[in-house]
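This is how it looks when you write it as structure tokens:
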């Protein structure tokens, strides 16, 4: 079994534009946020959603991700170093979500 890899929207776009490859043998995840970002920008949203659901494991937001993201946000705010909420959520998942299964 390969590595567990959380794919963000930018990587997903490059993959489907055939600019990069995703090495075979790994287990690939995307978050519900990445699913949303990819589908909203696609000309064929229903087909895009189906393709992603068949190709990746979708990790829904859960209380663990929500609480950890909130904790990181508060810490960053205290340091004056806030980042976009979408990036924060994806960062939290990359640390936690792929540890499941």
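Numbering (this note's numbering), first residue to last: 47 to 147.
All C-beta atoms in this analysis are idealised placements derived from N, C-alpha and C, irrespective of residue type, glycine included.
A quick note: this is a predicted structure, and the numbers were derived from the prediction, not measured.
When 106, 116, 102 and 120 are compared against residue 73, the one with the closest alpha-carbon: Of 106, 116, 102 and 120, the residue nearest in Cα terms is 102.
Under the three-state DSSP convention, the category residue 146 falls into: Bear in mind that the predicted position of residue 146 carries a pLDDT of just 48, short of 50, making it too unreliable to give a figure here.
Between the CA atoms of residue 111 and residue 126 - distance to the nearest angstrom: Approximately 22 Å, taken between the alpha carbons.
Beta-carbon gap between residue 55 and residue 84 smaller than 7 Å: The answer is yes: Cβ separation under 7 Å.
Inter-residue Cα distance where the pair is residue 52 and residue 82: Residue 52 and residue 82 have their C-alpha atoms some 15 Å from each other.
Closest residue to residue 61 among 86, 97, 78 and 90 (Cα-Cα distance): The shortest C-alpha separation from residue 61 is found at 97.
Runs of alpha helix (DSSP H) wholly within the stretch 49-115 (minimum 4 residues, chain order): Correct list: 55-62, 78-86 and 91-101.
Assigned secondary structure, residue 118 (DSSP; H/G/I helix, E/B strand, else coil): In the displayed model, residue 118 falls within a helix according to three-state DSSP.
Assigned secondary structure, residue 130 (DSSP; H/G/I helix, E/B strand, else coil): DSSP places residue 130 outside both helix and strand once states are collapsed to three, so it counts as coil.
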